[in-house]
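Comments concern the structure below.
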Amino acid sequence: MSSTRSKFRPAALAMILLSGTALTSPAFADAAPADGAVEGVTVTGVKEGYAAKTTESAAKLPLSLRETPQSVTVITRERMDDFGLVTVANVLEQTTGITVQENDSNRVNFTSRGFSISNFQLDGVPTAYSSGNSVMGDTVLYDRVEVVRGATGLVTGSGDPSATVNLLRKAPTREFAASVAALAGNWNRGRIEADVSGPIFADGRVRARLSGAFEDRESYIDFYEEKKKIGMAVIEADVTESTLVRVGVDYTEVTPKGTTWGTSPLYYRDGSPTSFDRSYNAAARWSTWDRNSTNYYAVLEQDLPGDWKFRAAYNKRDSDSTAKLYYGYGGYPDRNNGSGLIVADYFNVYQQDETAFDVYASGPLELFGRKHELVIGANGYDRDGTTLNDSIDASKRPYAMTIPNIFTWDGRIPEPVLLRYGTPAQIDRIKETGVYGAVRLNPTDRLKIILGARSSQYETRSDRYKLSGVYDRTANAYSEDKFTPYFGAIFDITSQISAYVSYSDLFKPQSNKDKNNDQLPPVIGANYEGGLKGEFFDGQLYAAVVGFYVQQDNLAEVDPTVPDGFLLPDGGTAYRAVTGAETRGFEAEITGQLTPRWRVAGGYTYAYTENAAKVRINTLNPRNIARIYTSYDLTGRLEGLTIGGGLNWQSEIYTLATIPVPGNTSAPGTNPPTLRVNVSQGSYVLANLMARYRFNEKLSATLNVDNLFDETYYRRVGFYNGGYYGEPRKVTLTLRAAF
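All letters in the sequence shown, in the order written, are residues -29 to -1, 1 to 710 by mature numbering (1 follows the signal peptide of the UniProt record, and there is no 0).
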């Protein structure tokens, strides 16, 4: 395995972040915000740069990052454009404390503080994410992405100790604005974007926005290609001076070919390590995992007397995925003749229908002669996932279930004819609703206390059906009512620095299933967090230092007792519940502007998770993550040129895998003797560069280079006893024009 040991020291980054607490600057007193303004959904018309002024994701109250008693990162539209972040995965790769891991070409997992992220929102409304059946979001739809690390059970229901990712859609603007962009990159990548927004009538009371993208690309992976179509239409109206209504629809379609369904082998059958190219692909050329998703949404915002406001949001999401996969996932190739890889084929049609809502009212109240803030609300979702009967006549497979020679494999084999019945094989339903309330007390000018609670009702049911579509049996059903308290306090040490603590119960319904295809019970536990936050340079720069502790029961981990290659009926991985898991960690973060021309964003995270026996678990999540990104607008003769870059470092990951005994001389066609060992990817650092030239106020060109030094590394190890390579050096050029 390729492994680069970096001399980067995370403590050095922490010292840099902490040094910001001594900073003040008059330079911002008369300075305007940097160019690259973004009209966000939450803060319409505010020029953010890399720093956001307020967020409501943690408590449904408009709080600054310093006032929020949790760890929050906001990726703004300007930062997405600077670094070419066109997918949610790209965004999370630059987010403090988040790890992005691919199982294969089309399945992506996100983790934070050592745990998988499953809590996603669209404009604050809960929505589902699963690596196996979700369409990866394209950022052409969004103005910004807010990530709250730690539990947000107060307003999300799922008190997930990892993070909540809130995707904030673009909204119509009150003045006309339009832009187009064309992107070209290596591996025959081409992408076009268009965005037009503005008033429909002269008085501006009714506005609309259209946004979309089309992308066609190949890959560093042999004979893999992908097409994406994304579109959004939204209309917004001021029904009265105090009432705003917004309705919209967005659509995403992803069509890949040459889809992988596994990893590259790490060892030959004689136990010696492999050295496959990063372009390795053991799939058929027709192998695919098509996915599409349509969202219909509506928002009502009403100003009420006494500075109160009411907001109601509704989202209906229909998604489909069709898997037709062929991949050499298992076994160990012979280093001389390339034989020995075992093939798995998989055919599946999965449909998911989801309705979700979020309704709340917030505003001030007088108590004991002081003004406080109150929020009360309700939200929930109802999600049905249907797996259709879809199979192949095994006796009529037009191909072999082994790859004859992986060294000469080109993926050219006949495509099978499927038996598609159109009847349900299994329907999984998850329903959660809850009511919540929180009050932000101001007992003194320097102390703020948030007290809140949520009452949730959770139901899950899994029904099995016969081939004819007739109901057969209920595999499992579960329901529970849960009360989740929340506490947070912030004390202003100085006019720039605050100390905070927060506590939340954990209650996380999970879709993970055990080897019997039964859903695991909800994760329960507690999340503790505390630290220092500061705002400097007249609020243009934000910094935080945070410690956290998490205790959990029923935590899901991959079941090591199942045989290699074992899959659930929906193609998922089997898990088991772990009791007594504990996580301890530390974070430091900085984001914003050091000067009107110099933007910076970065952070460091340490997280260590162990089970009740004090054995480290979740070892595929790095114990240390550090990243820093910056950009600078040059002056003088180079006026109009912006340069920037970033470093992304993580420590070692490892897991148990089954490998052949080194030096064994087993004959081809027989199973070699094996043993269980740890396979690992050592620490590595990736460097990125960007440069943008503004020809004028309307036209610019941006060059992005990712993985500048062409580092070879694995994003994931141990999956099917193999490794999944990270992307080689990638170069893209984007031409953007505004009108």
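Ideal Cβ placement from N, Cα and C applies to all residues, glycine included.
**OP:** Would you mind sorting Ala29 into buried or exposed? The rule is 16 or more other CB atoms within 10 Å of its CB.
**Re:** Result: buried.
**OP:** Please report the residue range of the beta strand (DSSP E) in which Arg391 lies.
**Re:** Taken as a continuous stretch (DSSP letters only), the beta strand (DSSP E) holding Arg391 covers 390 to 412.
**OP:** For Val441, count neighbouring Cβ atoms within 10 angstroms of its own Cβ and tell me buried if that reaches 16, exposed if not.
**Re:** Exposed: under 16 other Cβ atoms inside 10 Å.
Original post:
Who pairs with Gly299 in a beta bridge, going by DSSP?
Top reply: DSSP, once it has assigned bridges, lists Val314 as partnering Gly299.
Original post:
Is Val59 helix, strand or coil by DSSP?
Top reply: Helix at Val59.
**OP:** Determine the closest residue to Ala149 out of Val410, Ala134, Ala155, Ala165, with distance taken between C-alpha atoms.
**Re:** Among Val410, Ala134, Ala155, Ala165, the Cα nearest to that of Ala149 belongs to Ala165.
**OP:** Would you kindly report the start and end of the unbroken alpha helix (DSSP H) that includes Arg48?
**Re:** Note, Arg48: alpha helix (DSSP H), 48 to 54.
Original post:
How would you label Tyr695, buried or exposed, when you count the other beta carbons within 10 angstroms and need 16 or more for buried?
Top reply: So Tyr695 ends up on the buried side.
Original post:
Sorted by chain position, which residues of the same chain lie with C-beta nearer than 6 Å to Asn589's C-beta, five sequence neighbours on each side aside?
Top reply: Correct list, in chain order: Gly85, Thr580.
Original post:
Alpha carbon to alpha carbon, what distance is there between Ser473 and Arg417?
Top reply: A straight-line Cα-Cα distance of about 17 Å links Arg417 and Ser473.
Subject >> Residue burial classification, Ile464 (beta-carbon count within 10 angstroms, cutoff 16) >> reply: Answer is exposed; the Cβ neighbour count stays below 16.
Original post:
Rounded to whole angstroms, how far is the Cβ of Leu125 from the Cβ of Thr455, which I believe are closer than 8 Å?
Top reply: Right, the Cβ-Cβ distance comes to about 7 Å (below 8 Å), so this counts as a contact.
**OP:** Report yes if the C-beta distance between Lys328 and Ala349 is below 9 Å; otherwise report no.
**Re:** Looking at the sequence shown, residue 328 is not Lys but Phe. Their beta carbons are under 9 Å apart, which means Phe328 touches Ala349 by this criterion.
Original post:
Do you know offhand how far Gly697's Cα is from Ile347's?
Top reply: Separation of Gly697 and Ile347 (C-alpha to C-alpha, rounded to the nearest whole angstrom) is 45 Å.
Subject >> Element boundaries [alpha helix (DSSP H), containing Thr127] >> reply: Note, Thr127: alpha helix (DSSP H), 124 to 127.
Original post:
For Glu560, which beta-bridge partners are listed by DSSP?
Top reply: Partner(s): Ala515, Gly574.
Original post:
Would Tyr120 be called buried (16 or more neighbouring beta carbons within 10 Å of its own) or exposed?
Top reply: Note on identity: in this sequence residue 120 is Arg, with Tyr being the wrong assignment. Around the CB of Arg120, 16 or more other CB atoms lie within 10 Å, so the residue is classed as buried.
**OP:** Going by CA-CA distance only, name the one from Thr110, Tyr298, Tyr436, Ser258 that's closest to Ser235.
**Re:** Ranking the options by Cα distance to Ser235, first place goes to Tyr298.
Subject >> Reference Gly382; option with closest CA among Tyr251, Phe462, Met203 >> reply: Nearest of Tyr251, Phe462, Met203 to Gly382, Cα basis: Tyr251.
**OP:** Tell me, please, whether the region 257 to 268 touches the region 214 to 225 by the rule of three or more beta-carbon pairs shorter than 8 Å.
**Re:** Contact holds: three or more Cβ-Cβ distances are below 8 Å.
**OP:** Compare the beta carbon distance of Leu512 and Gln564 with 9 Å and say whether it is the shorter of the two.
**Re:** Yes; because the gap between Cβ atoms is below 9 Å, this pair is in contact.
Original post:
Would the beta-carbon of Ser362 fall within 9 Å of that of Gln322?
Top reply: At the C-beta level, Ser362 and Gln322 stay beyond 9 Å of one another.
Original post:
Where does Leu538 sit, in a helix, a strand or coil, going by DSSP?
Top reply: Coil.
**OP:** Enumerate in chain order the residues of its own chain whose CB-to-CB distance from Thr358 is below 6 Å, with the five nearest sequence positions on each side excluded.
**Re:** Hits under 6 Å: Tyr321, Ala396, Gln397, Asp541.
Original post:
Quick one: Cα of Thr404 to Cα of Arg217, how far?
Top reply: Taking the straight line from one Cα to the other gives about 23 Å.
Original post:
Using CA coordinates, which residue listed in Arg50, Ser133, Arg37 is at the minimum distance from Gln523?
Top reply: Each of Arg50, Ser133, Arg37 was checked against the Cα of Gln523, and the nearest Cα belongs to Ser133.
**OP:** At 3 residues or longer, and completely inside the region 314 to 370: list those beta strand (DSSP E) runs for me, N to C.
**Re:** Whole beta strand (DSSP E) segments, 3+ residues: 341 to 362.
**OP:** Return the residue from the list Ser622, Tyr285, Glu337 that minimises the CA-CA distance to Trp279.
**Re:** Answer by Cα proximity: Glu337.
**OP:** Quick one: which unbroken alpha helix (DSSP H) runs of 4-plus residues sit fully inside the region 119 to 201? Chain order, please.
**Re:** When DSSP assignments are scanned along the region 119 to 201, the uninterrupted stretches of alpha helix (DSSP H) that are 4 or more residues long and fall wholly within it turn out to be 124 to 127.
Original post:
Where does the unbroken beta strand (DSSP E) through Thr641 begin, and where does it stop?
Top reply: Neither: Thr641 is in no beta strand (DSSP E) and is coded neither H nor E.
Original post:
Grouping DSSP H, G and I as helix and E and B as strand, with all else coil, what is Asp604?
Top reply: Residue state, collapsed to three classes: strand.
Original post:
Could you give the residue range of the beta strand (DSSP E) that holds Gly423?
Top reply: For Gly423, the enclosing beta strand (DSSP E) starts and ends at 418 to 436.
Subject >> Cβ-based neighbour list, Arg306, same chain, cut-off 7 Å, excluding 5 preceding and 5 following >> reply: Correct list, in chain order: Tyr239, Asp241, Ser243.
Original post:
Under 9 Å between the Cβ atoms of Val43 and Val118?
Top reply: Cβ distance < 9 Å, so Val43 and Val118 count as in contact.
Original post:
Does the Cβ-Cβ distance between Glu207 and Arg180 come in under 9 Å?
Top reply: Judged by their CB atoms, Glu207 and Arg180 are nearer to each other than the 9 Å cut-off.
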